[in-house]
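Following: one structure in structure tokens, then a few remarks.
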Amino acid sequence: MGSAVSVEKHKGYLLRNLVFLALVLFATLLAGVPAARATSLEAHAYKIAGDASRVRIVMQFDREPEPRWFLLRGPHRLVVDLPETTFRLDHADLKPHGLVANARFGAVKGGVSRLVISAKGPFSVEKVDVLPNEDAKGYRLAIDLVSVSAAAFDQALADQALVTASSQSTPKTERLPEASKRFVIVLDPGHGGADGGAEGAAGTVEKAVTLAFAKELREVLEATGKYDVSMTRESDQFLRLDDRVRIARERSADLLVSIHADTINLKGIRGATVYTVSDKASDPEAEALAIRENLADQVAGIDIQEADTEVADILVDLIRRETHSFSIRFARTLVGELTHSIGVINNPHRFAGFRVLKAPDVPSVLVELGYLSNAKDEKLLQDADWRRKAAESISKAVAIFAGSRAGAG
Ligand SMILES: [Zn+2]
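Residue 1429 is where the sequence shown ends in our numbering, and the numbering goes up by one at each step.
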């Protein structure tokens, strides 16, 4: 019986060898298939991070891609052309994020594949880099986009046309002198949509008061005939804080005035307050208010992702410092005007880390017209004469500020 066992053993051995051989053959065949069609580049990941003012897109490729890019407008788009590419991307990754409204990809004629990134507004391309991966195979394409004014986008388009017209010429570095431009004010009625803001004892809702007041203030400012005035929202609409900042930058605003009427934890406090941005808060109440204001995005169920791409550029830092000193100058002027008209609280110029005031190049202030936590303020906020007085004071402060900037420029 011993020999029978040995035959069985031998048969099993043979079978295993045959299976192994078949597997090897099959694997060789499989390996041969991609080798035969290895002409197409493969994109296998698309990731985006950032917010409405700045985003970074990173795409992974199996080999080094050679991207060529250009801008299009209506809507503002970045078009990236690549050699014939197979896109193996997760569609869930392509959803709108921050500055990017959508991303699409596909084949165009002549063995070219194309990625089209549509933005929410004008942007500038800070970089389009191709880098070899350090700890994995393949290459990554990194694209940084930053929101800019419509004028800056148009200038980039014009430069691009120059380059296209004559590929030898480099883009003009000197800019056309800006046509003497009117002073641009963007009014930002606080809250809106799902985010109602504060509520007074008599039922006044902050988002409604801020919108009504902003519309009246726009009328008063426009009546002077001196400014271009626009608003971040014109209806009961939810707007992210970084979108409010983006809108101000897109319109090349010379001033952003965010309008609020919150509640405050100090008993009996009433009157107007003007806030500017600062890493350190002037007082605990200002800090608490900024924290509450910065939660506005979460009220509407949006996850906040702070931009992790902090700009270290010294030039940007200088601009930011200059912007900040202009914000403070306007805040002081405004406090002066409001003191004589509707009245202000103690230490009426306060500061804290308000996200809506963080545009690096737009002087920005947040005005608390009054506090809905105070019955008298709540009543005044409903009073047309009082609102008119407040609007006229703000208009006076704008006139002084705009005048001083025109003199300096
Ligand atoms: Zn508010």
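We put the beta carbon where it would ideally sit given N, CA and C, even for glycine.
- Remark: C-beta atoms of R1375 and Y1295 do not approach each other more closely than 8 Å.
- When DSSP states are grouped into helix, strand and coil, A1292 belongs to the strand group.
- Contact between S1347 and V1277 is absent: CB atoms are separated by about 11 Å, not below the 8 Å threshold.
- Per DSSP, reduced to three states, the secondary structure at N1285 is coil, with no helix or strand assignment.
- By the criterion of a C-beta distance shorter than 8 Å, N1367 is surrounded in its chain by S1302, D1303, once the five residues flanking it on both sides are discounted.
- Membership of L1241 in the alpha helix (DSSP H) is indicated by the continuous run 1226–1243.
- When the Cα atoms are used, Y1066 and D1110 turn out to be separated by approximately 8 Å.
- Between L1207 and Q1080, the alpha-carbon positions lie close to 41 Å from each other.
- For I1163, the enclosing beta strand (DSSP E) stretches over residues 1159–1167.
- The three-state secondary structure of T1105, taken from DSSP, is strand.
- Two segments are said to touch when three or more pairs of C-beta atoms, one from each, lie closer than 8 Å; by this definition the region 1203–1217 touches the region 1229–1241.
- A buried status is given to L1275, since no fewer than 16 other beta-carbon atoms sit within 10 Å of its beta-carbon.
- In this chain, N1153 is not harboured by any beta strand (DSSP E), its DSSP state being neither H nor E.
- Rounded to whole angstroms, the gap between the alpha carbons of A1281 and E1313 is 11 Å.
- Residue burial annotation: H1096 is buried, with at least 16 other C-beta atoms found within 10 angstroms of its C-beta.
- Less than 8 Å separates the beta-carbon of R1160 from that of V1078.
- Taken in chain order, the complete beta strand (DSSP E) segments of 3 or more residues contained in the region 1331–1396 are 1364–1372, 1384–1388.
- The three-state reading of DSSP puts E1219 in strand, counting E and B together.
- In this structure, E1307 sits away from L1286, with a CB-CB distance that is not shorter than 8 Å.
- Leaving aside the five residues that flank R1238 on each side, the residues in its chain whose CB is nearer than 7 Å to its CB run, in chain order, L1207, V1249, M1251.
- When rounded, the separation of the alpha-carbon atoms in V1099 and A1426 is 38 Å.
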